[in-house]
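S.K.: Start counting the sequence shown at 1; every next residue gets the next number (UniProt numbering).
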Amino acid sequence: MRLFVVLDHCGARAVELHVEEDATVSHVLRMYGCSGAIAALPLCLTYHSKPLEHTKILKDYHIKQDAILLAVVDRDLLSVLFPSNVGDKITLGPVEERGSPRSIENGERLAKAYKDGRQTIMQITSFKYADNKCEPIIGVFDIASRNTAYHACEFSFSELKDCLADLQSSALDNITWVDVHSVSSVWKAQSCLIESASLWELRYLKTVAALQSASRGLEEQQQLIGKQQQLIGTQQQRLKEQDATMAEQEGKVQALQEAMRALEADNERLADQVALNGDLRLNESSAAELAALGAKISGEIERLSKLAEEAEAARAEQEEREEEDKKRQAEMAEDYESFEEDEEEEEEEEEEEEEEEYPVATGSRKHTRFHV
Numbered sequence: 001m002r003l004f005v006v007l008d009h010c011g012a013r014a015v016e017l018h019v020e021e022d023a024t025v026s027h028v029l030r031m032y033g034c035s036g037a038i039a040a041l042p043l044c045l046t047y048h049s050k051p052l053e054h055t056k057i058l059k060d061y062h063i064k065q066d067a068i069l070l071a072v073v074d075r076d077l078l079s080v081l082f083p084s085n086v087g088d089k090i091t092l093g094p095v096e097e098r099g100s101p102r103s104i105e106n107g108e109r110l111a112k113a114y115k116d117g118r119q120t121i122m123q124i125t126s127f128k129y130a131d132n133k134c135e136p137i138i139g140v141f142d143i144a145s146r147n148t149a150y151h152a153c154e155f156s157f158s159e160l161k162d163c164l165a166d167l168q169s170s171a172l173d174n175i176t177w178v179d180v181h182s183v184s185s186v187w188k189a190q191s192c193l194i195e196s197a198s199l200w201e202l203r204y205l206k207t208v209a210a211l212q213s214a215s216r217g218l219e220e221q222q223q224l225i226g227k228q229q230q231l232i233g234t235q236q237q238r239l240k241e242q243d244a245t246m247a248e249q250e251g252k253v254q255a256l257q258e259a260m261r262a263l264e265a266d267n268e269r270l271a272d273q274v275a276l277n278g279d280l281r282l283n284e285s286s287a288a289e290l291a292a293l294g295a296k297i298s299g300e301i302e303r304l305s306k307l308a309e310e311a312e313a314a315r316a317e318q319e320e321r322e323e324e325d326k327k328r329q330a331e332m333a334e335d336y337e338s339f340e341e342d343e344e345e346e347e348e349e350e351e352e353e354e355e356e357e358y359p360v361a362t363g364s365r366k367h368t369r370f371h372v
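(1) Three-state secondary structure (DSSP) at L70?
(2) Using alpha carbons as the reference points, say which of M246, L202, L263 and E317 lies closest to Q236.
(3) How would you label E301, buried or exposed, when you count the other beta carbons within 10 angstroms and need 16 or more for buried?
(4) Roughly how many whole angstroms lie between the Cα atoms of F82 and T125?
(5) Which value, in whole angstroms, describes the spacing of the CA atoms of L110 and S184?
(6) Which residues does DSSP list as the beta-bridge partners of R109?
(7) With a threshold of 16 other CB atoms inside 10 Å of the CB of D173, please say whether the residue is buried or exposed.
(8) On the DSSP letters alone, give me the boundaries of the beta strand (DSSP E) that V15 sits inside.
(9) Assuming K128 and S169 make a contact with CB atoms under 8 Å, what is their CB distance in whole Å?
(10) By Cβ distance, which residues of its chain are closer than 6 Å to S213, with the 5 residues on each side in sequence left out?
(11) Closest to A330 by C-alpha separation, out of Q222, V6 and S198, would be which residue?
(12) Measure the Cβ-Cβ separation of L52 and D74 and say whether it is below 7 Å.
(13) Kindly give me the distance between the Cβ atoms of K56 and V25, rounded to whole angstroms, as I take these residues to be in contact under 8 Å.
(14) Which of helix, strand or coil does DSSP assign to A165?
(15) Locate the alpha helix (DSSP H) running through R146, then write down its first and last residues.
(16) Would you check if the segment 161-168 and the segment 138-148 touch, i.e. whether three or more CB-CB distances between them fall below 8 Å?
(17) Pull up the DSSP beta-bridge partners for E154, would you.
(18) Would you be able to state if there are at least three C-beta pairs under 8 Å between the segment 27-36 and the segment 129-139?
(19) Give the DSSP bridge partners of L43, in chain order.
(20) Suppose contacts are defined by Cβ-Cβ distances below 7 Å. Is L78 in contact with L45 by that definition?
(21) With burial defined as no fewer than 16 other Cβ atoms inside 10 Å of the residue's Cβ, what is the status of E310: buried or exposed?
(22) In three-state DSSP terms, what is Q123?
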């Protein structure tokens with residue numbers, strides 16, 4: 001049957017959905033989220049001002065064809081999601097007592113983790129709608145104080161599974177069963193993530209995020225280099241065209257010079273003729289023609305000189321840009337090598353710390369080491 005879902009208090013257009021009569025409320029929520037009509041906010045549905053439980057089906061509320069459902073932000077669910085903004089400092093103020101047994105404020109969880117001596121934690125920050133499903137977004141946070149943390153990186157649940165697929169991750173197990181529409185389920189997952197996520201898992205995820213960021217940076221630099229090379233090619237083509245124009249102008253100058261020599265010869269001939277017949281008027285006319293031609297040739301020579309200067313300046317600028325591009329590529333290569341060396345040193349230090357914290361037991365038990 002056909003339904004219409006409208007986001008509350010925003011004037012958004014109604015989204016038309018086609019669902020089965022026995023579809024669950026959570027299924028309608030996922031379809032609405034995947035429609036792209038809203039950002040990834042935790043939502044709940046209401047019908048005639050009555051909240052709909054996400055585990056029930058539409059028939060339970062006597063919802064029929066062409067019914068209009070209202071989507072509102074689920075404030076209770078939003079309160080258990082950890083605030084996030086990758087790369088930024090997050091400060092959580094004093095916790096207020098709300099008297100709700102199902103929810104613990106983010107500030108309390110952060111303060112408890114700090115008190116327990118944890119340096120890094122993993123928390124659910126938001127949701128991602130895609131392919132008719134909703135999956136949690138998990139952020140990794142470095143704890144600075146009892147109420148301050150820095151958002152290091154974040155992964156969707158599917159990305160997290162890919163990163164930890166070959167590892168025995170207890171944190172991943174604590175996210176698999178989470179119900180993204182249930183406040184109590186998300187709260188329980190948040191608490192389990194703080195307790196179960198090991199330090200090596202969190203460091204591994206931060207390293208993966210850093211490598212991904214570095215790869216994106218290199219790709220952007222390569223794209224920039226490609227654009228610069230295209231610009232260089234355009235400049236070289238322009239220089240070739242200017243060289244061709246100069247060659248053409250030089251040919252014209254040579255032709256004018258030959259014409260000038262021919263006129264000079266004619267002038268000498270006319271001068272001789274004037275000397276013979278005393279026709280001064282003819283001599284003056286020839287001199288005026290010669291002066292006009294000389295001025296024209298001088299103007300052409302001056303214009304060609306300017307063109308030559310501009311071409312030389314463009315060629316010098318092109319050579320300077322090519323030299324700067326070579327230096328930039330060399331610096332990028334050095335930075336990437338330095339980044340890899342730093343990563344290798346950090347891995348060796350982490351392995352030494354793990355060996356000191358978890359010494360290898362004697363006997364038949366194997367010691368597993370994780371490498372990034």
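Every residue gets a Cβ at the ideal spot worked out from N, C-alpha and C, and that includes glycine.
M.R.: Short version:
(1) On the sequence shown, residue 70 is found 70 positions in, with the first residue counted as 1. Strand, per DSSP.
(2) Here the question's residue 236 lines up with position 236 in the sequence shown. Measuring C-alpha to C-alpha distances from Q236 to each of M246, L202, L263 and E317 identifies E317 as the nearest.
(3) As a position in the sequence shown, residue 301 is number 301, starting the count at 1. For the sequence presented, residue 301 should be read as Ile rather than Glu. Within a 10 Å sphere around the beta-carbon of I301 sit fewer than 16 other beta-carbons, which makes this residue exposed.
(4) Translated into positions along the sequence shown, residue 82 becomes position 82. Translated into positions along the sequence shown, residue 125 becomes position 125. Going from the Cα of F82 to the Cα of T125 covers about 5 Å.
(5) Against the sequence shown, residue 110 aligns to sequence position 110. Against the sequence shown, residue 184 aligns to sequence position 184. Here the C-alpha atom of L110 lies approximately 18 Å from the C-alpha atom of S184.
(6) Here residue 109 corresponds to residue number 109 of the sequence shown, with the count starting at 1. According to DSSP, which records beta bridges pairwise, R109 is partnered with nothing at all.
(7) Taking the sequence shown and counting its residues from 1, the one referred to as residue 173 is at position 173. Under this definition D173 is an exposed residue.
(8) For this step, residue 15 is matched to residue 15 along the sequence shown. Start and end: V15 to H18.
(9) Numbered from its first residue, the sequence shown carries residue 128 at position 128. Numbered from its first residue, the sequence shown carries residue 169 at position 169. Actually they do not touch by this definition, with Cβ atoms about 20 Å apart.
(10) Stepping through the sequence shown from its first residue, residue 213 is reached at position 213. So no residue of the chain qualifies.
(11) If you number the sequence shown from 1, residue 330 lands on position 330. Put simply, of Q222, V6 and S198 the residue whose alpha carbon is nearest the alpha carbon of A330 is Q222.
(12) Here residue 52 corresponds to residue number 52 of the sequence shown, with the count starting at 1. Here residue 74 corresponds to residue number 74 of the sequence shown, with the count starting at 1. The answer is no: Cβ separation not under 7 Å.
(13) Residue mapping note: residue 56 aligns to position 56 of the sequence shown, counting from 1. Residue mapping note: residue 25 aligns to position 25 of the sequence shown, counting from 1. Taking C-beta atoms under 8 Å as the contact rule, K56 and V25 qualify, at a distance of about 6 Å.
(14) Translated into positions along the sequence shown, residue 165 becomes position 165. Here A165 sits in coil by DSSP.
(15) Counting from one through the sequence shown, the residue named residue 146 turns up at place 146. Following the DSSP letters along the chain, one finds R146 in no alpha helix (DSSP H), marked with neither H nor E.
(16) No, the segment 138-148 does not touch the segment 161-168.
(17) Position 154 of the sequence shown, counting from 1, holds the residue named residue 154. Beta-bridge partners assigned by DSSP to E154: G139.
(18) Touching, yes.
(19) Within the sequence shown, numbered from 1, the residue matching residue 43 stands at position 43. Answer is V73.
(20) Within the sequence shown, numbered from 1, the residue matching residue 78 stands at position 78. Within the sequence shown, numbered from 1, the residue matching residue 45 stands at position 45. Taking 7 Å as the Cβ cut-off, L78 and L45 do not qualify as a contacting pair.
(21) Here residue 310 refers to the residue found at position 310 of the sequence shown. Here E310 is exposed, its C-beta having fewer than 16 other C-beta atoms within 10 Å.
(22) In the sequence shown, counting from the first residue as 1, residue 123 sits at position 123. Strand, per DSSP.
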